[in-house]
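One structure is given here, and the rest of the page talks about it.
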């Protein structure tokens, strides 16, 4: 196995803007993806930002040990990328729904409550103080008040209401003048963000691509629950694999008190389940010969779609995890440039996974057929698979949109 070369390095531009307290001490940074030409952010850019920032950005150069504030869409909140980070170090900025539909507010509540129960901090803008969003208010760790859209009299009312009805810390954002700072600070706001304190600064986050053979070997060892020593040996043989793992484990997202310097420690701290998911996603970003980048994206879409549909069917956790694996591996033949039977001989998979991949057998095989039908637009195959799985078109279409958004980053 060869080490990676310099031409296998890519970079993502991330901007950070400081958030300070009343003593002007930085308590965290809001991150922005500056690698895309589109000014708007989507579920896909949310995933790209978190995955890149926490997997491939050095601790000191990006956020150090501070909190990370990340803008989210409601679709990205269910993404598996959040499983790779220490929630105590991440603040998820939750957007309003754009309307005051109490039913949808209630429907989104379990997802938000589950994220907070896992340890994530939640931030909302001033709309969370409206009566329609009252169920969300107890979940707020931070409420951001945008000085560019709120008039002084509105601000005074909102600040007073928030202080009386929530436990959230208030953050005044878009603070551009000393007068604005004085106005909100005298009313009790203790945190601030804006040009008057700091403009967003660009940081280049680098990713070194590991060899496909190394990733496959790592996946095999993890599936077999191999010893830490055996996994460590694979990491030592591929600089790209080792680089990315050490970047991830030492990122502020893991919230460790000291830097991890050995592969053995990294493997033990990460755990086999997280290590497997990370390796599987990494496989879809690697390139082999003339393999188009869209192949990796399609594999991730299938994996995420099958995982979401398995959750809809309330399958056991091990089968839900297996659904993700089958979706990722369903294009292993194309990614590796060999027949599926041959490709499967290179990785260790359970018999049920092999049966699903080769023969579309079992519930997991039906999920794979359904995922393929979603791509091809084959109505007959879609209807047959949906009927056999007892899933509605609404369930499938919603899951497909979430999977497409979540996987978009990996086409880059």
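In UniProt numbering, the protein residues as written are 1 to 412.
Positions of the beta carbon are idealized from the N, C-alpha and C atoms, including for glycine.
(1) Would DSSP call residue 274 helix, strand or coil?
(2) How big is the Cα-Cα spacing for residue 326 and residue 118?
(3) Using 8 angstroms as the cut-off, can you tell me whether the stretch 312–321 makes contact with the stretch 329–348, which would need three or more C-beta pairs spanning the two stretches below that distance?
(4) Shortest alpha-carbon distance to residue 400 belongs to which of 299, 72 and 25?
(5) Would you kindly work out how many angstroms separate the C-alpha atoms of residue 224 and residue 22, rounded to a whole number?
(6) Out of 214, 188 and 402, which one is the CA nearest neighbour of residue 371?
(7) For the putative contact between residue 431 and residue 165, defined by C-beta atoms under 8 angstroms, what is the C-beta separation to the nearest angstrom?
(8) Using a Cβ-Cβ cutoff of less than 8 angstroms, which residues in the same chain neighbour residue 290 once the five nearest sequence positions on both sides are dropped?
(9) According to DSSP, which residues form a beta bridge with residue 21?
(10) Using three-state DSSP, classify residue 360 as helix, strand or coil.
(11) Give the list of continuous alpha helix (DSSP H) stretches no shorter than 4 residues that lie fully inside the stretch 307–382.
(12) Check this for me: beta carbons of residue 29 and residue 15, under 7 angstroms apart or not?
(13) Run through DSSP, which three-state label would residue 149 get?
(14) To the nearest angstrom, how far is it from the Cα of residue 154 to the Cα of residue 89?
(15) Kindly indicate which three-state DSSP category residue 119 falls into: helix, strand or coil?
(16) If you run the structure through DSSP and keep just helix, strand and coil, what is residue 172?
(17) Per DSSP, what are the beta-bridge partners of residue 144 in this structure?
(18) Express the C-alpha separation of residue 331 and residue 337 in angstroms, rounding to a whole number.
(19) Assuming contact is defined by CB atoms lying nearer than 7 angstroms, are residue 94 and residue 124 in contact in what I supplied?
(20) With a 10 Å radius around its C-beta and 16 neighbouring C-beta atoms as the bar for buried, classify residue 366 as buried or exposed.
(21) Looking only at C-alpha atoms, which of 275, 181 and 268 sits nearest to residue 220?
(22) Which residue wins for smallest C-alpha separation from residue 111, given the options 178, 99, 382 and 92?
With the given structure in hand:
(1) Here residue 274 is taken as the residue at index 274 of the chain shown, counted from 1. Looking at residue 274 - three-state DSSP - the assignment turns out to be helix.
(2) Position 326 of the chain shown holds residue 326. Position 118 of the chain shown holds residue 118. The alpha-carbon atoms of residue 326 and residue 118 are separated by roughly 27 angstroms.
(3) no
(4) As a position in the chain shown, residue 400 is number 400, starting the count at 1. Answer by Cα proximity: 299.
(5) Residue mapping note: residue 224 aligns to position 224 of the chain shown, counting from 1. Residue mapping note: residue 22 aligns to position 22 of the chain shown, counting from 1. Distance between the alpha carbons of residue 224 and residue 22 is about 52 angstroms.
(6) On the chain shown, residue 371 is found 371 positions in, with the first residue counted as 1. Residue 371 has its Cα closest to that of 402, out of 214, 188 and 402.
(7) The shown model of the chain, from 1 to 412, leaves out residue 431, and the question about it has no answer.
(8) By 1-based counting over the chain shown, the position of residue 290 is 290. Any reading at residue 290 must be qualified, since the residue scores a pLDDT of 48, below 50, and its modelled position is unreliable; the value itself is stated next. For residue 290, where only same-chain residues beyond five positions count, there are no Cβ hits under 8 angstroms.
(9) Position 21 of the chain shown, counting from 1, holds the residue named residue 21. BP columns for residue 21 point to 191.
(10) In the chain shown, residue 360 corresponds to position 360, counting from 1. Looking at residue 360 - three-state DSSP - the assignment turns out to be coil, as it is neither helix nor strand.
(11) 317–329, 332–336, 340–344, 351–359 and 362–376
(12) For the purposes of this step, residue 29 is taken as the residue at position 29 of the chain shown. For the purposes of this step, residue 15 is taken as the residue at position 15 of the chain shown. No, Cβ-Cβ distance for residue 29 and residue 15 is not below 7 angstroms.
(13) Within the chain shown, numbered from 1, the residue matching residue 149 stands at position 149. In the structure shown, residue 149 sits in coil (DSSP, three-state: anything other than H, G, I, E or B).
(14) Translated into positions along the chain shown, residue 154 becomes position 154. Translated into positions along the chain shown, residue 89 becomes position 89. Cα-Cα distance, rounded: 31 angstroms.
(15) Taking the chain shown and counting its residues from 1, the one referred to as residue 119 is at position 119. Of the three classes helix, strand and coil, the one that applies to residue 119 here is coil, per DSSP.
(16) Stepping through the chain shown from its first residue, residue 172 is reached at position 172. It is a strand residue.
(17) Looking up residue 144 in the chain shown gives position 144. Residue 144 pairs with 125 and 171.
(18) Here residue 337 refers to the residue found at position 337 of the chain shown. Here residue 331 refers to the residue found at position 331 of the chain shown. So the alpha carbons of these two residues sit roughly 10 angstroms apart.
(19) For the purposes of this step, residue 94 is identified with residue 94 of the chain shown, where counting begins at 1. For the purposes of this step, residue 124 is identified with residue 124 of the chain shown, where counting begins at 1. Yes, the Cβ-Cβ distance between residue 94 and residue 124 is below 7 angstroms.
(20) As a first step, residue 366 is located in the chain shown; it is residue number 366 there, counting from the start. Buried.
(21) If you number the chain shown from 1, residue 220 lands on position 220. It is 275 whose Cα lies nearest to the Cα of residue 220.
(22) As a working mapping, residue 111 is identified with position 111 in the chain shown. When only C-alpha atoms are compared, the closest one is 92.
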